[in-house]
Amino acid sequence: MSEANPAPPAAEPAEALLIDVRGVCGLARISTPTIERLTAAGLFPAPRVVPGCRVRRWLKADIEQWVAALPPARGAVQPE
19 MSEANPAPPA
29 AEPAEALLID
39 VRGVCGLARI
49 STPTIERLTA
59 AGLFPAPRVV
69 PGCRVRRWLK
79 ADIEQWVAAL
89 PPARGAVQPE
């Protein structure tokens, strides 16, 4: 008896993997000028350039990792 090959997990749609500056602003809760300033200083993930056009997009995972790595706010209560 042969085992059926399980279907590979469905990949996220491309639009969920790459986000525009408005999506970055919403995810990171910072403004476009702040994103530009932090990126220029090397303190924020760099955008990717989509080949064949002048579109800048960020990897959603890069932004999520950046947010997760932020230090806690001064005086914030740490979860136990």
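The sequence shown begins at 19 in the working numbering and counts up by one. Glycine is no exception: its CB is placed at the ideal position from the N, C-alpha and C atoms.
- Message: Can you list, in chain order, the residues of its chain with a C-beta nearer than 8 Å to that of V95? Leave out the 5 residues immediately preceding and following it.
- Response: none
- In angstroms with no decimal places, state the Cα-to-Cα distance between R66 and L77. 8 Å
- Who are the Cβ neighbours of V39 in its own chain at under 6 Å, not counting the five residues just before and after it? T50
- Secondary structure, beta strand (DSSP E): runs of 3+ residues fully inside the stretch 51 to 85: 74 to 77
- If we call anything under 8 Å between Cβ atoms a contact, is L3 one with R75? As shown, the chain starts at 19 and ends at 98. That puts residue 3 outside it, with no answer to give.
- Spatial neighbours of I53 in its chain, beta-carbon cut-off 8 Å, leaving aside the 5 residues before and after: V39, V42, C43, A46 and F62
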